[in-house]
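So for the sequence shown, the numbering used here puts the first residue at 3; every next one is plus one. See structure below.
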Amino acid sequence: MRRFYRLGCRQPWRLLSVNTLVHFSNTFNQSGTFTVNEGKCSLSTTSIETPEMKVNPFFSNVVSDLQLLQKKWMREFRICITSSSTLIIEALTADETPSWAPIATLDAVRWPWDLVKTVDAALIPTNTTSTNTNSNTTSTADGHGITILDLHDRAEDVAVAQRVLTERYPRLRLHIDHSKGTDLQGTVTHSVSVSLQSRSHGTDLSPEETAVKESFLGESIGLGFSQTARRALREAFQSAGMPLPPRHIERDKGKSEMDIYLDTIRNALNEDITVVSTLINDEQVKISVESCGGRQLNVLDGRRDDALSIVLACVEKAAENVNSIATEEARKRIADHPVVLALPQKGLRPKEILRRLLMHTYGLLEERVHIITSQGNDLTFTTTIDTELSWGDQSDSTKTPVVITIARAAGVNKKAAEELACVIAIQRCFPRIFQEQLSYHMDVKEILRSTKATSKESICPHISKGLLAQLRWAARCEKKEIVFDTVQLLPNSENEELGIRTTRALWATQLFFVNEKGNRQLICLALDPKKSISEQKAVAAALWKCFKNLCNEGIQYAMDRGLINKDGDVTPCEGISTSAEPIPRNEYEIAAECDPFIPNLQLLPSQPISVPYRQSLLSVFRRGVQLYVELMNERSSYNSNSNHICDKSISPWRLVEHTEKVQSNGHFKAQLLIRTTTATPTTTTTNNNNNNNNNNNNNNNNSDNDGIGDQLSGDMLLGEVFYSTTAITAIFNAFKSLFDEGGLIARSAKEDVQVNDIFSDTLQRVNLFPSFPRELPAPTPLETVAQCVMIKYGLATELHITGGGKIVNVQLFGRSPSSLNCDDSKDQSRFFLGHGRGSSLLKSVVSCCRHTFNTHMPQDGDIPDASTVESIKSGSVQVTPRAGCLLASQVEAVKNELLENKAISASASIFVGVDIRPSSSNILYEAKLYVVDEMRVVELERTSPNSDLITSLWNLTSSVVREMGGNTLDVENVQRKYSGPHHHITLQRLLEDIYGLTLVEETLLKDQHWHSHLSVRISDDLYYTIGYSVGTKKKEALEMSAIKALNRCFGTVSKSTTPHTGVSVSTITTTMATSEEEQKYCGFIYRKLGEKEEFCI
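Laid out in structure tokens, this is it:
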């Protein structure tokens, strides 16, 4: 970069040697400013003294010319000497905060003879007066001039802040404390702190000024003064609660080349001119110049990538059509003032250069240029530079301006991606300026040579992000996915598929590539005692084998850590044996040998499983509830006697256990009632019997099994209503909930001593029971299930076996122990517990035991699914978006427009609803927008049926935005705005900002696997399920369920949002929920039941 040396004159010069001038003009590594004081000449460079010499005629002429200009124009001038043959003349501005600004340039061979002529020509107003401000200055010499874009990082922010503060608080001044030092690494750092001080001591400040003075504080540390001061000012303005002052306050006051042509058209037609851009298709754009009267002056179309050039050409041609003479003058005016960039030697700001050039040439304001940087899941950054083809105030226009992309870049960090994207945009939009003035700059060369960014759509992640991130990126470039198959090999075992015998526990990882057609290709196999090392070995070997040229850094990293050798082979490990080893028995063989019941099973329709009878948890809870009812009866009798009331027609309260089958979904509903009847009651008993499940309960502990098909006025609900897939589970939960935290008896025990005795005694009895096993033991599955059913429900188990040949079906039922020896089994209670199927009796029985154990002995917590919750399969629901989201703002805009047009009354309300319609295969949702105005209901918008509720809401939002004249919503742009390393956070932000809905995350550890379930709260008690996944790690399951929810609600996850959670990925594909499980846990609306009316003493 050129170095500037400035010569200025405030007093007459003394003697200066010509050799001094020649020395400094030819020295590139020294810089300074010549300042002249009275009676001496000093140089503000590093320890350079200028000896007095004889008077030099050359400098005498310079001094006299500068004095003449100073008296003529009442301002100071100075000359900037560079290492090139061009001199720049600067003048001191007359603002409140004076600063030096370039006004003209001069060829060194014509200095000093043309100095006065050049300055006069630049300052005297002519027909070709510069259209630029103090930052874009124009000079003329010999009929030719240049437009200088000064891109030095001057402290403009400080000057603007001083001006804003002085105008608002004239009795306060901005105080800046600046210090500079060097750290241990030799880097020069600046420390800046800003505050407000009174201009004079003893001044009485107003309360507002006092508050601002105390709160206006900011400090920062950085490598450059301007950036450091800018951050300190930003912090001070924010701490004082003041709006940030604008940067470059006078920058955009000038006119661009586009404005010159537009002014030519306006002056010729005396009308406002509009530039309208429309898309012909995805690749073609049409530009038209129209007058306010609707007259079309010119139309051009072409490639969308060349839209900016097409716009300028279209406007120029339109100007020529209306006034060719003025247009030719405008062309000459522009040609006589070529752009010259005054660039700093270092610290180039490509983003600033791009904005200034777009403003100078095309008149695009800063708010029309969008530099968007998004972070992908592999922690790389993608920068897209978009421009809106819009000029002037087009807010009232019904045509949405076209947005074009002028550059893209990807980088390992945000700064590298943005700098490269801006340089590419300059090179593409301004090729001549780039070639002549920017290509030589050291910062530009470094940006183009850097390996931290690329002009491609993606870049290989840095090695600090891990080998897996690099492999996933490389596989995506070839449209492939990575699949891991990791198994643990037990010691002294043999794996027939892999052909490996082990002497110690090892992890075997197979890495596959899956193409778009779903074909799997085995890449490598890696073994290691540690699972993570085994996976890393497989990844390193795959990088060497398939992407040796793309990921050199990762391959070298893997070699340095011994994951692969120099030939790319996986490093061997100990524990692999070639000798014959015994093969372990599978779980079916272990169960057939150890379980006391399985060896005796036969293919008979019914076989009892006899275990010793013992008291059950259900009987203990039933006893406690019965004691509670009896206590209620005693108190009721006491109250009647004390009031001398004797009504013999009213019987005491009785405990009623009621179960019934819900016909809509096949679930079972259980509730506890307390009932009193008159002396001659008329009741109806409902017994719901079927082949697999009889919903009658045994009459233990004075409890009835009467239904409530015709309830009397004396029936009262005791506790809550429970739903479950089996009747016995619903009954058990109905009893147990009364003693749980928040249950009826548990709450009453805190206030009543007698109830507390019942509560404490019940809990003591419950605590005496042995705990259930967390897992079903492989040696004794049937015996364990039979014992658990007896302990929990007090039921004896019975196997029902059907089928034969290839498939055997097994069902497990529970009966009261006394009914097993009864011949008339039709009148006895029988509860369905579980089922299983398999290719043999052994496998089907083990499968049935697993199903029964998982259903009736679950861990704490549960995941809602379509078979265990009250799902809504038809009708209509209302969606309540939170204020501030996109959907709510559009709905409010629609309402305001209707009110302005007086289409509705002020008391009308507007709602978002969803109609639910079942189909043959799934449930369809139709989102709608409707108005309720007194007795009228008017539907404004309705979407087509869709199998996903969130997608229907998206279609509704897009349609409303389109109808209101907004920009068309694009899924990829929205995802790119919210993309980040964590999918569940991205999903949460999307749902909140677009629809105002809350994401509900539910996780459950079951069978050593984490079950993650995601749902959306659409109203006070309604939830819509959107994602479900299973994984060995909680974070992994949560991320995978979020990915599925994004796919379901917002389309396919883009390439920039590929999963990367920083955890082991061996089970991401192997433990992923199947499609059947997704249908079971996703895509339905369910209601969380609230508290019902309860009876208390």
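C-beta: ideal position from N, C-alpha, C; glycine also.
Check	Outcome
When Ala1044, Phe1052 and Ser1017 are compared against Tyr1088, the one with the closest alpha-carbon	Ser1017
Which listed residue (Ser923, Gly886 and Val934) has its alpha carbon closest to that of Leu900	Val934
Own chain, CB closer than 8 Å to Tyr559, minus 5 neighbours either side, in chain order	Ile465 and Leu469
Status (buried if at least 16 other CB within 10 Å, exposed otherwise) for Ile1044	In the sequence on display, residue 1044 carries Ala and not Ile. Buried: at least 16 other Cβ atoms inside 10 Å.
Neighbourhood of Thr945 by C-beta distance below 8 Å, restricted to the same chain and skipping five residues each side	Glu928, Ala929, Lys930, Ser954, Asn957, Leu958 and Ser961
Buried or exposed (CB count within 10 angstroms, at least 16 for buried), Asp826	Legend: pLDDT at Asp826 = 48, less than 50; position of this residue unreliable, value from coordinates given subsequently. Asp826 is exposed by the Cβ-count criterion.
Residue interval of the alpha helix (DSSP H) (run including Met718)	Note, Met718: premise wrong, no alpha helix (DSSP H); beta strand (DSSP E) at Met718 to Ser726.
Residue interval of the alpha helix (DSSP H) (run including Asn898)	Leu888 to Glu902
Buried or exposed (CB count within 10 angstroms, at least 16 for buried), Pro683	Caution applies to Pro683, whose pLDDT of 38 falls short of 50 and renders its modelled position unreliable; the model cannot decide the point.
At least 3 beta-carbon pairs within less than 8 Å: the region 201-211 vs the region 232-245	no
Beta-carbon proximity of Thr854 to Val787, cut-off 7 Å	yes
Those residues which DSSP pairs with Pro104 across a bridge	Glu92
Option nearest Ile793 by Cα separation, candidates Thr95, Leu784 and Ser773	Ser773
Cβ shell of Arg268 (< 6 Å), same chain only, five flanking positions each side left out	Ile275
Segments of 4+ residues assigned as alpha helix (DSSP H) that fall wholly inside the region 322-376	326-337 and 352-364
Top-ranked residue by Cα proximity to Ile1020, from Val768, Val881 and Arg80	Val881
Beta-carbon spacing of Gly1029, Ala1047 below 7 Å	yes
Extent of the continuous beta strand (DSSP E) run through Glu420	Segment Lys416 to Cys431 is the alpha helix (DSSP H) holding Glu420; no beta strand (DSSP E) there.
Residues sharing a beta bridge with His1015, DSSP	Glu1004 and Tyr1030
Continuous alpha helix (DSSP H) assignments of at least 4 residues falling wholly in the region 782-819	783-795
Start-to-end residues for the alpha helix (DSSP H) that takes in Gln229	Phe227 to Ser241
Euclidean distance between Cα positions of Trp546 and Lys568	10 Å
Residues near Gln892 in its chain [Cβ-Cβ closer than 7 Å; skip 5 each side]	Thr959, Val962, Val963 and Met966
Contact between the region 522-540 and the region 507-514 (3+ Cβ pairs under 8 Å)	yes
Contacts around Glu390, its chain only, beta-carbon distance under 7 Å, and the 5 residues preceding and following it disregarded	Arg370, Pro403 and Val405
Buried or exposed (CB count within 10 angstroms, at least 16 for buried), Arg80	buried
Whether Lys539 touches Leu500 by CB criterion (7 Å)	no
Helix, strand or coil at Thr505 [DSSP, three-state]	coil
At least 3 beta-carbon pairs within less than 8 Å: the region 614-631 vs the region 735-747	yes
N-terminal and C-terminal residue of the alpha helix (DSSP H) that Leu271 is part of	Glu259 to Leu271
Asn554 - partner residues in DSSP beta bridges	Answer is none; Asn554 lacks a bridge partner.
Buried versus exposed, by CB contacts within 10 Å (16 or more), Gly188	exposed
Presumed contact (8 Å Cβ cut-off) between Glu322 and Ser293, rounded CB distance	The pair is not a contact, with the Cβ atoms about 16 Å apart (cut-off 8 Å).
Span of the beta strand (DSSP E), counted from its first residue to its last, around Phe834	Arg832 to Gly840
Residues near Lys458 in its chain [Cβ-Cβ closer than 7 Å; skip 5 each side]	Ala412
Own chain, CB closer than 7 Å to Tyr932, minus 5 neighbours either side, in chain order	Phe913, Gly915, Val939, Val940, Glu941 and Leu942
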